[in-house]
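Heads up, the thing below is written out as structure tokens.
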Amino acid sequence: MIKENIKKLQSLMKEKGIDIYIIPTSDFHQSEYVGEYFKGRKFLSGFTGSAGTLVVTLDKAYLWTDGRYFIQAQQQLEGSDIILMKMAMPNVPTIKEFLDQNADKTVGFDGRVMSYKDVCQYKNKLITNIDLVDEIWSNRPSISHQPAYLYDEKYCGESRVSKLKRIREAMNDCDYHIITSLDDIAWLFNIRGNDVACNPVVLAYSLISKNDATLYVLDGVIDKKMQDILKEDGIIVKAYNDIYEDVKSLQGKVLLDDLLVNYQICSNLNCEIVKMTNPTQYFKAIKNETEINATKNAHLKDGVAMTKFMYWLKTNVGKIDLDEVIISDKLEEFRKEQADFYDLSFDTICGYKENAALMHYKALPEKCAKVTDEGMLLIDSGGQYIDGTIDTTRTFVLGEISDIERRDFTVALKALLRLQAAHFVAGTTGPNLDILARGIVYEYNLDYRCGTGHGVGHFLNVHEGPNGFRPKDRPGSAPMCAFEPGMITTNEPGIYIEGSHGVRHENEMLCVEITNNEYGQFLKFEPITYVPFDLDGLDLKLLSDHEIKQINEYQQFVYDKISPYLTNEEKTWLQDNLLIK
């Protein structure tokens, strides 16, 4: 089917005079996670990862993806004749370099799913308004248009009127600001929805002037009552696709983020474009006191669910039939027992033994591993609660493990502890701090092909910028900002050995101030994940006395938080397995 669909696409390309056709992983809003309607790359390639771009020529097909997905893509592309392009690896051109090498070729794409910034780099002749995927995908799902709802100020801590005031101040002398990224819109207007699985966002565009604001949504998404409330705050609701016509008549200066606004919208503008990272990106990254307290409460609930699950897993493995899907479903059951649980924050990654080496592995009922009382099980998971978004990883030891597995388990935890303990001065960015975690992994001549951490939304997307940890900024992405008090960032170093095992430990951390003195403002991280580590994987010979103290202090901190919500049996078990003696 994959080969057949690629051939159909190539035939259509020939008809339309297109030499190269690009299908990114994107929607009309440059989202990382997309609704079913927008999964054309998955449909055509069979690759299910959340990041990747399919580039089809008249006689070949290529898939670019990053290091998180090399193993998975290799497996899923097998037999498809699609060539895997491993991003950032030696002798692998970027998509732009590939197009530059074929500068005499005509390139086609749907301009609504490509960012303005990306397209402006291309030197080829372009055909930008053609959705060939739609012509091939006969049973394509319809575009989602679930009802939107208002997000209560008791959780978010700031009114949409106040947020709009801040945005208008940040617009400076610009007359308009176009925002199309879904999490920015949800945050700014205090609305949420269900148009993307695990991401409580609404498919919407927005246009903000100095005096009013317009929300563009699909029919029936915002009801009359909600429209009236928004109108009181100076917000007009219009039809989703009207933005493409409305922007044609704008005059003066228009502020937009060319990484996040699609090419079709920008090409319709007839005025001056001022390119800048959306101010909302920075504003929403700094959580206010209400959001911080709400998020900590969500973490408490999720920590209780995770610990109950840990007790269930460790006391049942080897006694009952288990596989990766049964285990994932059981963890979801524990989360659903918690107040204000809304959804998962992403598809649970539950990888046993060698499957854990696939960073974004997804177990399926028809294809998953049986889990027994040996080896390691990596679970990266999270819940969406009305009061916060969670991302947590724990690696569980279920029985005998090798010395190498024990080493990797311990080294990854040492890396997490080192970064979590950092003290630093204001102005420090993720690339400055990434080496604290990665450097410990480097000492063992190992590495991991991904960042060490990312920002987390507040009842929003589990991946959020502009804060994060990685060795350097990614080409084509917004630069990472300096850390500030109120930012929440994951800390998740790992080690992945193809065909053998994978280890990852992950906490979310809140940036807080230590002091402000003659040398500047000093900051540190406070862990807000309340889930014990499984100590059965540790090689104590690799730990210093200080690291043992760090682990025990964290474990006791977690116990004090969650133990009031555990049964007597769970508490007794946790006490027996809590500390390094």
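Numbered continuously in full-length UniProt numbering, the sequence shown closes out at residue 581.
Here a beta-carbon is modelled for each residue, glycine too, at the ideal position from N, C-alpha and C.
Treat the numbers as computed from the prediction; the structure is a model and nothing was measured.
{"Asked": "Whose CA, out of I2, G383, G234, lies closest to the CA of T214?", "Found": "G234"}
{"Asked": "For K353, count neighbouring Cβ atoms within 10 angstroms of its own Cβ and tell me buried if that reaches 16, exposed if not.", "Found": "buried"}
{"Asked": "Which residue wins for smallest C-alpha separation from Q251, given the options V274, L230, A239?", "Found": "V274"}
{"Asked": "Entirely within the UniProt domain \"Creatinase N-terminal\" (6-133) and at least 4 residues each: give me those alpha helix (DSSP H) ranges in chain order.", "Found": "40-45, 70-76, 95-101, 116-120"}
{"Asked": "Return helix, strand or coil for T315, following the three-state DSSP convention.", "Found": "helix"}
{"Asked": "State the beta-bridge partners of C350 as determined by DSSP.", "Found": "I379"}
{"Asked": "Which whole runs of the alpha helix (DSSP H) in the region 245-328 are 4 residues long or more, in chain order?", "Found": "263-267, 279-285, 289-316"}
{"Asked": "Applying the criterion that 16 or more other CB atoms from any shown protein chain within 10 Å of the CB defines a buried residue, is residue 584 buried or exposed?", "Found": "The question about residue 584 has no answer here: the residues shown for the chain are numbered 1 through 581."}
{"Asked": "Touch check for the region 300-311 and the region 198-218: three-plus C-beta pairs under 8 Å?", "Found": "no"}
{"Asked": "Counting only runs of 4+ residues fully inside the region 489-517, write out the alpha helix (DSSP H) ranges in chain order.", "Found": "none"}
{"Asked": "May I ask which residues mark the beginning and end of the alpha helix (DSSP H) holding K472?", "Found": "No alpha helix (DSSP H) contains K472, which DSSP labels as neither H nor E."}
{"Asked": "Name the two residues that bound the continuous alpha helix (DSSP H) containing H546.", "Found": "545-562"}
{"Asked": "Decide if K287 is buried, meaning its Cβ has at least 16 other Cβ atoms within 10 Å, or exposed.", "Found": "buried"}
{"Asked": "Give me the residue from A61, R474, E405, P431 with the minimum Cα distance to V98.", "Found": "Reading off the sequence, residue 98 comes out as Phe, not Val. Checking every option, the nearest Cα to that of F98 belongs to A61."}
{"Asked": "Going by DSSP, what residues sit across from residue 594 in a beta bridge?", "Found": "For the chain, the structure presents residues 1 to 581; residue 594 sits outside this window and is missing."}
{"Asked": "Using the rule of at least 16 other Cβ atoms within 10 Å of the residue's Cβ for burial, across every protein chain shown, is G520 buried or exposed?", "Found": "exposed"}
{"Asked": "What is the rounded straight-line gap between the Cα of L510 and the Cα of K336?", "Found": "25 Å"}
{"Asked": "If we ignore side chains and look at the alpha-carbon of each, how far apart do V378 and F396 end up?", "Found": "A small correction: the amino acid at residue 378 is Leu; Val does not occupy that position in the sequence shown. When rounded, the distance between both Cα atoms is 6 Å."}
{"Asked": "Just checking my contact of residue 602 with G494 at CB under 8 Å: how many whole Å lie between their CB atoms?", "Found": "The displayed coordinates of the chain run from 1 to 581. Any statement about residue 602 would go beyond what the structure contains."}
{"Asked": "Spatial neighbours of D536 within its chain, please: C-beta separation below 6 Å, excluding the five flanking residues on both sides.", "Found": "V397"}
{"Asked": "Is there contact between the region 174-194 and the region 251-264, where contact requires at least three CB pairs shorter than 8 Å?", "Found": "yes"}
{"Asked": "Does the Cβ-Cβ distance between L543 and K414 come in under 9 Å?", "Found": "yes"}
{"Asked": "Just confirm the distance between the C-beta atoms of M376 and V503, as a whole number of angstroms; I'd bet it's less than 8 Å.", "Found": "7 Å"}
{"Asked": "Does S477 pass the burial test, meaning 16 or more other C-beta atoms within 10 Å, or should it be called exposed?", "Found": "exposed"}
{"Asked": "Look up T393 in the DSSP assignment and give the residues it is bridged to.", "Found": "D380, E506"}
{"Asked": "Between which two residues does the beta strand (DSSP E) holding F424 run?", "Found": "423-425"}
{"Asked": "Alpha carbon to alpha carbon, how far is N445 from C266? Give it in angstroms, no decimals.", "Found": "46 Å"}
{"Asked": "Specify the secondary structure class of V221 as computed by DSSP and reduced to three states.", "Found": "coil"}
{"Asked": "From the DSSP secondary-structure annotation, give me the bridge partner or partners of L215.", "Found": "S206, V237"}
{"Asked": "Measure the C-alpha to C-alpha separation of I23 and D223 and round it to an integer number of angstroms.", "Found": "34 Å"}
{"Asked": "What's the gap between the Cα of I488 and the Cα of E508?", "Found": "7 Å"}
{"Asked": "Helix, strand or coil for G439? Go by DSSP, reduced to three states.", "Found": "helix"}
{"Asked": "Rounded to a whole number of angstroms, what is the C-alpha to C-alpha distance between A357 and N552?", "Found": "28 Å"}
{"Asked": "By DSSP, does M226 sit in helix, in strand, or in coil?", "Found": "helix"}
{"Asked": "What residues match up with K370 in a beta bridge as DSSP calls it?", "Found": "D323"}
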